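Start counting at 1 in the sequence shown, then tack on 5, and there's your number in our numbering.
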Amino acid sequence: MAADKSMNVLVVDDYKSMVRIVRGMLNQLGFVNVDDAPDGAAAMAMLKEKTYGLVLSDWNMQPVTGLELLKQVRAEEKTKATPFVMVTAEAKVENVIAARQAGVNNYVIKPFTLAVLKQKLTSVVGEI
């Protein structure tokens, strides 16, 4: 199954440079409708207003972390099935396990290449 590259994608990261990098990679992969939020609280507000086909979120943010955002997304009827990919420098086994238990679809460790992002997203949203 091919990915719908016209779907709305939400990138959540408190570092603007990381948002630019991820947005650029998504654009290279053909995704055109990319929004961003600086933290989990802002992201949740956006998710309530608009339907997203994919969320890529950093883990370490304040005041709402990526893991807390993931739990909120999974708890809401409207967003519980939204594909969610954690994009983080946190490679500790316990963090990966916590994200899996919370319902993450995939996990990308920073730094990463376009090829790695493509592979991780393909496993979540279909062939890119």
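Cβ coordinates follow ideal geometry from the N, Cα and C atoms, glycine included. This structure is a prediction, so every number in the text was calculated from the model and none was measured.
If you reduce the DSSP assignment to three classes, tell me which class A8 lands in. coil
Buried or exposed: where does L119 fall if 16 or more other Cβ atoms within 10 Å of its Cβ makes it buried? Result: exposed.
CB V37 to CB K10, shorter than 9 Å? yes
Is it right to say N111 is buried, meaning 16 or more other beta carbons lie within 10 angstroms of its own, or is it exposed? buried
Just to confirm the assignment, what range does the alpha helix (DSSP H) spanning T84 have? Under the DSSP assignment, T84 falls outside any alpha helix (DSSP H); it carries neither an H nor an E label.
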